[in-house]
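J.: Residue numbers (our numbering): 9 to 195. My structure is below; once you've seen it, I'll send some questions.
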């Protein structure tokens, strides 16, 4: 999806056992201060009686800020849907090994609303990273993997495959400006 927002593209890549999403910021943002953050929101529909846990394995109820790593959704059927953490890197990195060594892990805001069966995850991108003088564009937020697993048997080996992703909305907020854009329906 090109120019989902001004100078921001979103790419989805399906592989045999995962879905990768890349958010590509093609040009340096303007009108933001170095002490602010851009937040890219995703909203998921939760199945009834699903349980959301953070990277620490603890159930998330309400809002958890500065989460880092995986967010898991445990289904009543025993399946587990995992949303992996995101990294950010700039256009100076051309080799996958270089990216893995130098990429920055992003923090997240995780909001769980069990009453309305909704999960929202906000990827927090520090403006200082985007505005750095040595930053080379495009900047990519990548990878966010989505995969589903069934609980393993006695040997605890699970079976994983792509499952339907309930991606509904994505938005971008500038905390400094105190404004947020309208939701964009992607699915």
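Just so it is clear, CB atoms sit at the ideal spot from N, CA and C, and this is done for glycine as well.
In angstroms, rounded to a whole number, what distance separates the CA positions of residue 35 and residue 139?
T.: 10 angstroms
J.: From the DSSP secondary-structure annotation, give me the bridge partner or partners of residue 17.
T.: In DSSP, residue 17 forms a bridge with 32.
J.: Where does residue 110 fall in DSSP's three states?
T.: helix
J.: Can you list, in chain order, the residues of its chain with a C-beta nearer than 6 angstroms to that of residue 94? Leave out the 5 residues immediately preceding and following it.
T.: 114, 131, 149 and 152
J.: Specify, as a first and last residue, the run of the alpha helix (DSSP H) that residue 137 falls within.
T.: Where residue 137 is concerned, the enclosing alpha helix (DSSP H) stretches over 135 to 139.
J.: Pop quiz: residue 32 and residue 146 are said to be a contact at Cβ under 8 angstroms. What is the actual Cβ separation, rounded to whole angstroms?
T.: 5 angstroms
J.: Can you grab the Cα-Cα spacing for the pair residue 66 / residue 78, in whole Å?
T.: 12 angstroms
J.: Do you know offhand how far residue 42's Cα is from residue 51's?
T.: 27 angstroms
J.: In its own chain, which residues sit with a C-beta less than 7 angstroms from the C-beta of residue 59, not counting the 5 before and 5 after it?
T.: Exclusion of the five residues before and after residue 59 leaves 67 and 82 as the residues of its chain whose Cβ lies within less than 7 angstroms of its Cβ.
J.: Does at least one heavy atom of the ligand MN sit under 7 angstroms from the Cβ of residue 75?
T.: In terms of ligand content, the structure shown is empty, and the ligand MN therefore cannot be addressed.
J.: Assign residue 68 to one of three DSSP states: helix, strand, or coil.
T.: coil
J.: Report back the beta-carbon spacing between residue 120 and residue 70 to the nearest angstrom; my notes put them in contact at under 8 angstroms.
T.: 7 angstroms
J.: From the DSSP output, which residues share a beta bridge with residue 130?
T.: 49 and 117
J.: Taking only the alpha-carbon atoms, compute the straight-line gap between residue 117 and residue 75 and give it to the nearest angstrom.
T.: Approximately 6 angstroms between the Cα atoms of the pair.
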